[in-house]
Ligand SMILES: Cc1cc2nc3c(=O)[nH]c(=O)nc-3n(C[C@H](O)[C@H](O)[C@H](O)COP(=O)(O)O)c2cc1C
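Residue numbers (the numbering used here): 2 to 163.
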């Protein structure tokens with residue numbers, strides 16, 4: 002319930018140990034057939050991070066974050082795109098939840114299935130063709146506070162059938 006999209010960060014450094022903790026949580030996500038079809042690219046290069054908003058209009062916070070993780074999937078390991086995106090979504094969400102627990106701020110930036118974002122990020126990071134860039138998560142210490150927002154909607158709940 003405490004997780005919110007945080008788009009403003011202080012310049013305090015997020016350590017490699019913290020990033021490892023986030024990736025540990027991400028890799029603890031459930032996956033179809035326990036295939037764990039993921040790879041994670043840790044971005045710290047300022048120039049590369051600053052390039053992202055040139056092809057992704059809703060990623061301006063990449064300029065403020067000191068580190069970001071690109072969640073990727075191996076299409077040779079999981080060939081069904083439905084399962085691959087479900088697995089990578091679960092990993093992304095685990096990462097966001099662990100970051101909240103650590104007092105860090107994150108936001109999920111959609112990459113897949115938008116070719117106009119996938120192509121440029123492949124080029125930027127040298128990602129091979131069988132690896133799918135799925136989501137990009139900038140990480141930092143929050144420089145904005147957001148309240149818990151209760152999104153529970155009883156109309157979306159159906160008991161014993163539609
Ligand atoms: C698949 C997906 C793609 C998203 N893409 C973006 C994005 O490109 N830029 C952004 O600022 N937020 C992005 N978001 C975050 C949503 O805007 C955010 O989760 C939503 O507004 C609800 O707010 P909350 O996360 O604070 O609960 C994305 C979220 C998801 C799940």
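No residue lacks a Cβ here, since even glycine has one placed at the ideal position from N, Cα and C.
Consult DSSP for residue i and reduce its assignment to one of helix, strand or coil.
i           : result
residue 142 : coil
residue 107 : strand
residue 2   : coil
residue 148 : coil
residue 62  : helix
residue 133 : strand
Could you give the first and the last residue of the continuous alpha helix (DSSP H) run that contains residue i?
i          : result
residue 91 : 82-102
residue 20 : 17-27
residue 51 : 47-52
Measuring CA to CA, which of the options is closest to residue i?
i          : options         : result
residue 40 : 58, 53, 128     : 128
residue 34 : 14, 85, 97      : 85
residue 44 : 69, 98, 157, 83 : 69
residue 99 : 30, 13, 14      : 30
residue 13 : 28, 157, 65     : 65
residue 7  : 113, 118, 146   : 146
Please look up how many angstroms separate the CB atoms of residue i and residue j, rounded, as I've assumed it's under 8 Å.
i           : j           : result
residue 190 : residue 140 : The shown model of the chain, from 2 to 163, leaves out residue 190, and the question about it has no answer.
residue 137 : residue 60  : 7 Å
residue 134 : residue 71  : 6 Å
What are the boundary residues of the beta strand (DSSP E) that residue i is part of?
i           : result
residue 71  : 68-75
residue 122 : Segment 116-126 is the alpha helix (DSSP H) holding residue 122; no beta strand (DSSP E) there.
residue 41  : 39-44
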